[in-house]
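First to last, the protein sequences are chains B and A.
Under numbering that gives the first Met the number 0, the letters of the first sequence match residues 0 to 455, in that order.
Under numbering that gives the first Met the number 0, the letters of the second sequence match residues 0 to 487, in that order.
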Amino acid sequence: MPYILNTDEDRRAMLEAIGAASMDELFEVVPEAVRLTRPLDVPSALSEVELTATVKRLAEKNRPAGEAVSFLGAGAYDHFIPAVVDEIASRGEFYTSYTPYQPEVSQGNLQVFFEFQTLFTQLTGMDVSNASMYDGGTAATEAVLMCLAAAPKRTKVVTTTSVHPEYRQVLATYFENLDAEVVSLDTPTGAIDPAVLANVVDKQTACVLVQQPNFFGCLEPVEEVARIAHEAGARLIVVVDPISLGLLRRPGDYGADIVVAEGQSLGNPMSFGGPYLGMLACREQFLRRMPGRITGQTVDHEGRRCWVLTLQTREQHIRREKATSNICTNQGLLALRATVYLSAMGPAGMRELAELCLRKANYAAERVTAGARCTPAFDRPFFKEFVVRDRRGRVSELLASARDEGIFAGVPLGRWYAELEDCFLVAVTEKRTRHEMDDLAQVLSRSTSERTVVHA
Amino acid sequence: MRNRQATKLLFELSKPGRRAARMPRGDVGDAAVEELLPAECLAERPLPLPELAEPDLVRHFVNLSTENMSVDTHFYPLGSCTMKYNPKRNERLAALPGLSGVHPYQDESTIQGLLEILFELQEMLAEISGLDAVSLQPAAGAHGELTSLMMAAAYFRDLGDRRRKVLIPDSAHGTNPASAAMAGFRATTVKSTADGYVDLADLDQKIDEDVAVMMITNPNTLGLFEPRIRTISEKVHAVGGLVYLDGANMNAILGVARPGDFGADMMHFNPHKTFSGPHGGGGPGAGPIAVDRRLEPYLPLPLLVRRDGRYVLDENRPKSIGRVRSFFGNTGVLVRAYLYLRTLGPDGLRRVAENAVLNANYLLARVKHFLPVPHGDRCMHEFVASAATLKNDKQITAMDIAKRLLDYGFHAPTVYFPLVVKEAVMIEPTETESKETLDAFAEALFRITEQPGESLGAAPLSTAINRPDEVRAARKPVLHWTPPCDGS
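So this is what it looks like as structure tokens:
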């Protein structure tokens, strides 16, 4: 057993000190009727050599982003991770520590969380941020719950189909047991129609939840959305892609009340969907309704600047059933990675990165839709993702043939949108080259000619 | 030795013109941004982020790391948190590109190896729990609680039964009542007896046909195995309720007893505790749940299943409560749990429980003479001592003990929890510590209790800072850095 230090001699000495005759005696409190009388039926132990071989074999059965050319996005992105991020995050002092209950021996983590909170307010233009949460989807739901708690007489939440479908599904799950309703507006043109929104947002509406750029990659008319929400006395929650803020206006500058984000893009591996980094920032007035850990600056006995977890009276270990949320930890290690990432990028790096994504995505869209088979689904400006319609309506075949050529061409949308059964979503990060995008366009058009031949 | 220059805030180290990351040259022309995006969407100013070069950054963060205590550097007996050693092989293998580089929406045909790992993990968790079906989706223990309670709500809704009550012992984690409230239930507290177990008389008074779920932690937060767990489960089942096990303390009973066998219908695991996932300074964790067959239809989407030798994410489950998070789950944490379980095997798991319990009992035997343990001479994986007598006699509080331990080079135990013990000092040594470490820790504790109480108020003396003013932090919150000229 590689991780147990007690020798047989230690065990004998320890049992003697305890005054127990045997190890079994220590478990006498477990009633015989519920004791397991056989070994667990799990696979037998492996040495490190065997474990490594076994897991490598299983890992090699997968085709990760590095082995195929990936244009997959839809909320999780293949952005480059600088070595400095991995290097810092692999320090045991960071990754084997825990929640800073003892601030005197946790100043490293606490200062990082304070820096993380500051960076997210700088990125979004909001007043305050927490020290992170599970992921973008649950952060969006927690933001909605904050708005409902802040306006107890309002019971309606308005969102749109251009918000990530899984985020809306999470919201629906949480709402099943609450007295509130969610209205999800259709977005047939790829973004919100302000006139439609204005008809639905009313005095019952606690908040409007939108995404910028939206799930389809398109830009939303956020300023008008903010005006409509605020005129009805509702709050505005905006889900952002942090990378886009290298170019786009900050939500704080157009009136968002709460901003949430999936922080995976900020130096975190895709890792099949988790662990990810939920980010949440808001205006000062909602501070005491904010869920999750918050780090604050203070001084110690000798007047030295330092940091502590603060405003804990919101939290479950004190408030129990009256807490703002049941969340009791943050995503410390991922918040650290995002902090290192953002400080490595700086303002110039974020701007260059966003410009690269924008230009490359536009190039890819132009090339992919130049042929006869693929057309753009929406005629709108977009940031790093766009929706492609397959005129033949055979998305899964088209994507499968691209896969055979080593390209993950996009995420099919039919699983979430019946009306987009013939569409897929293509994402382009700074890692994709012109050559790869030309290949993508070629593969998607080659399968056209093949298909034409087959059916001729 | 402390490098005060490098540990200034990032924003104070920033200097215009410095940078660490440089992007590749564009290869698709340089169309003006304004041609591609409407002007009103564009930021007017550059982001106010700090500007640093890579050497700056590295020195900053490496120096910050040295201001933490961690499992890699110190004994970390934080009760209820199972701060065991985090195996290095798990870090290396979880980072394999074939696992960490996988996108959540890749076609299933391209991720069969990863799904096989996750499916095998489900099977192992089902076996360890003694329950039938597993979901790996929840992101943390508290999220597993909430998911399970939402499933219980759906289950009773299906039966046409509007039960509202969730029973929770007074020694439970604060997440239990908070999760119950979020799932639309009303939390009702059940008292503990003087010896730390569920008070059956109080339970009898509060149990009725309005009880949907009883949430129970076993071993409980006092480190005691509930001897009447079967009776309690039977009482809950007799009124049609479900038993939920908070799996925070599974480390004590791996291969010894299974929640499904002692009456639990649902439970969560904390793989970051029991299965050695690093705690990451607060997270990430994961909160996979195991449930009885009757509750399987309600598990969240998607469910990982095996069909004709292929692994499939099943989204077509009409009774499911739906999705509780984006994407599949905290895969990186789950993979580490798989690696840990494969390393230990059935005998290794049982020895984890035995040595965790042995270490805790040994430490209890060493300290009880000078730091009373109100709930008896034996425990499971942890025990709760009380500084109440020391506080009375010598003005030494639980907080004083915690702070002074830091000077001796030990992380503090959990203090002031559970709430049912006055001046609680909750100690969980875990199985990955040696007798020598436990002896040194007991010796340090003894010396602290021998010191005059008034001298301890100044502790810790050797740390970079000392007893931060938490009241000031909460009264006048400063939650981000502000530029000095800003004046706000």
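Cβ atoms here follow ideal geometry from the backbone N, Cα and C, with glycine treated the same way.
Everything numeric in this text was worked out from a predicted model, so none of it was measured.
Check                                                                                                                 : Outcome
DSSP three-state assignment for B:D7, whether helix, strand or coil                                                   : helix
9 Å Cβ cutoff, A:F10 in contact with chain B                                                                          : yes
B:C146 at chain A interface by Cβ criterion, 9 Å                                                                      : no
Buried versus exposed, by CB contacts within 10 Å (16 or more), B:Q315                                                : buried
9 Å Cβ cutoff met for B:R292 and B:L308                                                                               : yes
Proximal residues to B:L218 (C-beta, below 6 Å), its chain only, five neighbours per side dropped                     : P212 and P380
Any chain B beta carbon closer than 9 Å to A:Y154                                                                     : no
For B:S69, the residue or residues it bridges with in DSSP                                                            : B:F407
Bridge partner(s) assigned by DSSP for A:S461                                                                         : The partner list for A:S461 (beta bridge, DSSP) is empty, contrary to what the question assumes.
Contacting positions in the segment 301-327 of chain A - beta carbon closer than 7 Å to chain B                       : I320, G321, R322, V323, R324, S325, F326 and F327
Which listed residue (A:Y154, A:L389 and A:E432) has its alpha carbon closest to that of A:F369                       : A:L389
Backbone secondary structure at A:K190 - three-state DSSP                                                             : coil
Secondary structure of A:Y337, DSSP reduced to three states                                                           : helix
Closest by C-alpha distance to B:T36, when choosing among A:K205, A:V366, A:G129 and A:E11                            : A:G129
Chain A contacts made by the segment 421-451 of chain B, where a contact means CB separation under 7 Å                : E429, T432 and R433
A:H410: contacting residues in chain B (beta-carbon distance under 8 Å)                                               : Q101 and V104
Contact under 9 Å by Cβ, B:G331 with A:S325                                                                           : no
9 Å Cβ cutoff met for B:S128 and B:C281                                                                               : yes
Alpha-carbon to alpha-carbon, B:A399 and A:S502                                                                       : Residue 502 of chain A falls outside the range modelled here, since chain A spans only 0 to 487, and no answer is possible.
Beta-carbon proximity check, A:P176 vs B:E141, cutoff 9 Å                                                             : no
Backbone secondary structure at A:S487 - three-state DSSP                                                             : Here the model assigns A:S487 a pLDDT of 44, short of 50, so the residue's position is not dependable, and the following value carries that caveat. It is coil, neither helix nor strand.
C-beta contact flag for B:E114 and A:F224 at 9 Å                                                                      : no
Nearest residue (CA-CA) to A:Y337, options B:I17, B:L50 and B:D40                                                     : B:L50
At least 3 beta-carbon pairs within less than 8 Å: the segment 229-236 of chain A vs the segment 401-412 of chain A   : no
Chain A within 9 Å of B:S43, Cβ atoms only                                                                            : yes
Cβ neighbour criterion (16 or more within 10 Å) applied to A:L300                                                     : buried
Pair within 9 Å by beta-carbon distance, B:F382 and A:L36                                                             : yes
Beta-carbon proximity of B:V237 to B:V258, cut-off 9 Å                                                                : yes
9 Å Cβ cutoff, A:A60 in contact with chain B                                                                          : Inspection of the sequence shows that residue 60 of chain A is occupied by Phe rather than by Ala. It does; some Cβ of chain B falls within 9 Å.
Three-way DSSP call (helix, strand, coil) for B:T315 in this model                                                    : For the record, residue 315 of chain B in the displayed sequence is Gln; it is not Thr. Correct three-state label for B:Q315: helix.
DSSP three-state assignment for A:D264, whether helix, strand or coil                                                 : coil
Segment contact, 8 Å Cβ cut-off, at least three pairs: the segment 57-66 of chain A with the segment 62-80 of chain B : no
Coil, strand or helix - B:C217 by DSSP                                                                                : strand
B:L85 versus B:E103 - alpha carbon distance                                                                           : Before going further, note that residue 85 of chain B is Asp rather than Leu in the sequence given. Approximately 26 Å between the Cα atoms of the pair.
Beta-carbon spacing of A:E50, A:P23 below 9 Å                                                                         : no
CA-to-CA distance, A:K83 to A:S433, given in whole angstroms                                                          : 12 Å
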